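Asks:
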Amino acid sequence: MPRLWLKKIKAALCPAPNLVKRTFSLGRRRPFRTHTPEEADRGPPKTRADQPAGPPGRITGEELEQERIGNRLDANLQRFRGLFNVPRSSDVVVREFRIGSSPAIRAGMIFIDGLVARDQLTGTVLQPLMLLSKLGRPLPRRGRLKVVAEKLLPHHQLRQHEVLADLVDAILAGNTVLLIDGVAQGLVVEARGHAHRAVEQTTSETVVRGPKHSFTENLRVNTALVRRLIRCPSLVIESWTLGRLTRTEVVLMYIEGLTNPWLVEETRRRISTVDVDRLLDAGMLERMIESPSQPTPFPVVPTMLATERPDRTAAFLADGYLAILVGDSPHALIAPTTFQSFLHNPEDYYLNWPLGTALRLVRLIGTFTSLLLPAAYLSLINYHHALIPTELVLAIAAARERVPFPSLVEIIGLEVGFELIREAGIRIPSVIGPTIGIVGAVILGQAAVAANLASPLLVIIVALTALGSFAIPNYSAAMLLRTYRFFFIALAAIAGFFGIAVGIYLIALMLCATKSFGVPFLSPVAPFRGGSPDVVLHGAQFLLHQRPRFLRPLDLVAQRRLIRSWDPVTAQLEEESGRPEHRPPCSTK
Numbered sequence: 093m094p095r096l097w098l099k100k101i102k103a104a105l106c107p108a109p110n111l112v113k114r115t116f117s118l119g120r121r122r123p124f125r126t127h128t129p130e131e132a133d134r135g136p137p138k139t140r141a142d143q144p145a146g147p148p149g150r151i152t153g154e155e156l157e158q159e160r161i162g163n164r165l166d167a168n169l170q171r172f173r174g175l176f177n178v179p180r181s182s183d184v185v186v187r188e189f190r191i192g193s194s195p196a197i198r199a200g201m202i203f204i205d206g207l208v209a210r211d212q213l214t215g216t217v218l219q220p221l222m223l224l225s226k227l228g229r230p231l232p233r234r235g236r237l238k239v240v241a242e243k244l245l246p247h248h249q250l251r252q253h254e255v256l257a258d259l260v261d262a263i264l265a266g267n268t269v270l271l272i273d274g275v276a277q278g279l280v281v282e283a284r285g286h287a288h289r290a291v292e293q294t295t296s297e298t299v300v301r302g303p304k305h306s307f308t309e310n311l312r313v314n315t316a317l318v319r320r321l322i323r324c325p326s327l328v329i330e331s332w333t334l335g336r337l338t339r340t341e342v343v344l345m346y347i348e349g350l351t352n353p354w355l356v357e358e359t360r361r362r363i364s365t366v367d368v369d370r371l372l373d374a375g376m377l378e379r380m381i382e383s384p385s386q387p388t389p390f391p392v393v394p395t396m397l398a399t400e401r402p403d404r405t406a407a408f409l410a411d412g413y414l415a416i417l418v419g420d421s422p423h424a425l426i427a428p429t430t431f432q433s434f435l436h437n438p439e440d441y442y443l444n445w446p447l448g449t450a451l452r453l454v455r456l457i458g459t460f461t462s463l464l465l466p467a468a469y470l471s472l473i474n475y476h477h478a479l480i481p482t483e484l485v486l487a488i489a490a491a492r493e494r495v496p497f498p499s500l501v502e503i504i505g506l507e508v509g510f511e512l513i514r515e516a517g518i519r520i521p522s523v524i525g526p527t528i529g530i531v532g533a534v535i536l537g538q539a540a541v542a543a544n545l546a547s548p549l550l551v552i553i554v555a556l557t558a559l560g561s562f563a564i565p566n567y568s569a570a571m572l573l574r575t576y577r578f579f580f581i582a583l584a585a586i587a588g589f590f591g592i593a594v595g596i597y598l599i600a601l602m603l604c605a606t607k608s609f610g611v612p613f614l615s616p617v618a619p620f621r622g623g624s625p626d627v628v629l630h631g632a633q634f635l636l637h638q639r640p641r642f643l644r645p646l647d648l649v650a651q652r653r654l655i656r657s658w659d660p661v662t663a664q665l666e667e668e669s670g671r672p673e674h675r676p677p678c679s680t681k
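The sequence shown maps to residues 93 to 681 in the numbering used here.
#1: R234: which of L245, V275, G215, I204 sits nearest, CA to CA?
#2: Under 8 Å, do S608 and T429 count as touching if we go by C-beta distance?
#3: Pick from V418, K238, S383: whose alpha carbon is nearest that of N74?
#4: Using the rule of at least 16 other Cβ atoms within 10 Å of the residue's Cβ for burial, across every protein chain shown, is W445 buried or exposed?
#5: Is it true that the segment 457-466 meets the segment 564-581, where meeting means three or more beta-carbon pairs spaced less than 8 Å apart?
#6: On the three-state DSSP scale, how would you describe T268?
#7: Looking only at its own chain, which residues have a Cβ that is under 8 Å from the Cβ of L556, when we skip the five neighbours before and after it?
#8: Does the Cβ-Cβ distance between S568 and P438 come in under 8 Å?
#9: Determine contact between the segment 634-649 and the segment 410-417, defined as no fewer than three beta-carbon pairs at a distance below 8 Å.
#10: Using 10 angstroms around the beta-carbon of R519, count the other beta-carbons present and answer buried if the total reaches 16, otherwise exposed.
#11: Once you ignore the five residues that flank L156 on each side, which residues in its own chain have a CB closer than 7 Å to its CB?
#12: Along the alpha helix (DSSP H) that carries E358, what are the first and last residues, could you check?
#13: For F172, report the span of its alpha helix (DSSP H) as first-last.
#14: Sorted by chain position, which residues of the same chain lie with C-beta nearer than 7 Å to E131's C-beta, five sequence neighbours on each side aside?
#15: Apart from the five residues just before and just after P672, which ones in its own chain have a Cβ nearer than 8 Å to its Cβ?
#16: How would you call L550, buried or exposed, if buried means at least 16 neighbouring beta carbons within 10 angstroms?
#17: Take V501 as the anchor and find which of F189, S306, L355, F578 has the nearest alpha-carbon.
#18: Entirely within the segment 553-607 and at least 4 residues each: give me those alpha helix (DSSP H) ranges in chain order.
#19: May I have the straight-line CA-CA distance separating R284 from A209, to the nearest angstrom?
#20: Any contact of the segment 577-597 with the segment 484-493, i.e. 3+ C-beta pairs under 8 Å?
#21: Which residue marks the beginning of the alpha helix (DSSP H) containing Q252, and which one marks its end?
#22: Check each candidate in R641, G509, L271 and name the one with the smallest Cα separation from Q538.
#23: Please state the DSSP three-state secondary structure of G509.
#24: Closest to V691 by CA distance: which of L350, N310, G192, I503 is it?
#25: First and last residue of the beta strand (DSSP E) that includes R190?
#26: Where does S331 sit, in a helix, a strand or coil, going by DSSP?
#27: Please state whether DSSP places Q293 in a helix, a strand or coil.
#28: Got a sec, what are the start and stop residues for the alpha helix (DSSP H) G448 sits in?
This is the structure in structure tokens:
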């Protein structure tokens, strides 16, 4: 009996070379593909070109791009039924009808239910072709599609394609394809009507003064919002289709004659190299095209800025930046990006310059508080008692007398607990989310102090640290500082202020070596380039006469150097300077 067991175990672990494995289920048996010895020696496929095309029957994009439709309607409709798995795919509609000419001509259209506007499709396609096309004479065989497009279809946008891949992409994008018997072309009718969120108030970049609208999950609505703010024919919107499965539309926006052509070409190159199966959001594209943080090959700091505000996107475009919109993502990616962009708020430019400067200083203080305050407290408690006044030392010692844990364990415990509360406040329903965050933090702090698990001073420090992170207007920058905070806490626990200094030095070296699309991340501070007072502090609006020099725009002047011509003093200075009047790139005079 034991020898029989050994044979069974050996047969299971070491099957015969030519044995075909099968998987068993309640349905039909299906053989499992086994690798030959030659395939095993080659190992896994290195590139997409080495990978198998898929199971039999799957049509690749290369095959569709080489195939053209014929002039027989039945064959064309059958081809589309096979591609879209009709009738198994219940949302794909293949509608056959006859054009009401004399004699009647067979036609068909293909669309996806839920992605098209049915009322518009009925009123502008079916009704004109079936009821209103009584021409009294037959449609000519040559130029038949042109006659239908020019005389029978009262639609705003029509396109003719003969390549099968173009027609499939049009259907997947929410358009309708019209096929006519005897014509080896398809007519794409723009009749999109899928549901999307309306333009609403921004949620993550709120302001008291300024526009309140934000991007939505519709690409053409987002581009229209930017067009409304930049009414300039030089605004260029280039388009790509990325994702072998998702077929996501990606657009690049810039102002021709203003943006540096090298930046445009570099961005085109990075977007064109993206070859993935799925692209669902702007964040996925950002991870693929953002610049690495030197000397590491990985991006440690964000080198692209994500915003959901059309006015901020328009302001960046007017300064010579680039904007990228991805499919149904409600965010725009701004490139290149420098460090001060993460501290600026769109509201700064709608307020007086002293108030804007004060708000930026508050954000700067909040940045250093969120990053270094817990580490500084740990250094003072463990290594640098002499720097603390005697009365404060005695108060801290009395508060920590009953706490059984060292300061490092206290800080990490409270920080992790607060991060859990913040994450829970984001994930739970929005109606009770803020309430849970505030009440949970208060209850957690009071319970920790009452149970002698943390000192009251440390609870205050952790609360100030959290408030400092909330003062940062950019979500990615705030998340990054929350991560680096634990790095500085570890350095402070090891070497005190010396460890903090080493950490600041290492991060400064990394930031100095980091570039965003070829632009140094710390520009215009390192390397220093003057010309604009709007870096850390907020300069007066009438003094912002130049665009950022580090972008090397084709037109550096953003406004006349002295625009307050109604003031006698400034008017005299303007007359003495003899500076010519600035003409914007979109001027037609």
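The C-beta atom is built at its ideal place from N, Cα and C for all residues, glycine as well. From a predicted model like this one, the values you see are computed outputs, not experimental measurements.
Replies: The answer reads as follows:
#1: V275
#2: In contact: S608 and T429 (Cβ atoms closer than 8 Å).
#3: In the structure as shown, the chain begins at 93 and stops at 681. Residue 74 is therefore absent and cannot be evaluated.
#4: buried
#5: The answer is yes - the segment 564-581 touches the segment 457-466, with three or more Cβ pairs under 8 Å.
#6: Correct three-state label for T268: strand.
#7: T461, L465
#8: no
#9: yes
#10: exposed
#11: L256, A257, V260
#12: 353-364
#13: 165-175 is the span of the alpha helix (DSSP H), which, as asked, contains F172.
#14: Residue confidence for E131 is low, a pLDDT of 47 falling below 50, so the modelled location carries little weight; the figure read from the coordinates is stated next. Counting only Cβ-Cβ distances below 7 Å, and skipping sequence neighbours, we find nothing.
#15: Residue confidence for P672 is low, a pLDDT of 45 falling below 50, so the modelled location carries little weight; the figure read from the coordinates is stated next. Excluding residues within five positions, none has a Cβ falling inside 8 Å.
#16: buried
#17: F578
#18: 567-587, 589-605
#19: In this structure, the CA atom of R284 is about 6 Å from the CA atom of A209.
#20: Too few Cβ pairs lie closer than 8 Å, so no.
#21: Premise fails: Q252 lies in the beta strand (DSSP E), 250-253, not in any alpha helix (DSSP H).
#22: G509
#23: helix
#24: This structure does not reach residue 691, given that the chain is present from 93 up to 681, and the question cannot be answered.
#25: 184-191
#26: Correct three-state label for S331: strand.
#27: Note: Q293 maps to strand in three-state DSSP.
#28: Segment 445-474, the alpha helix (DSSP H) holding G448.
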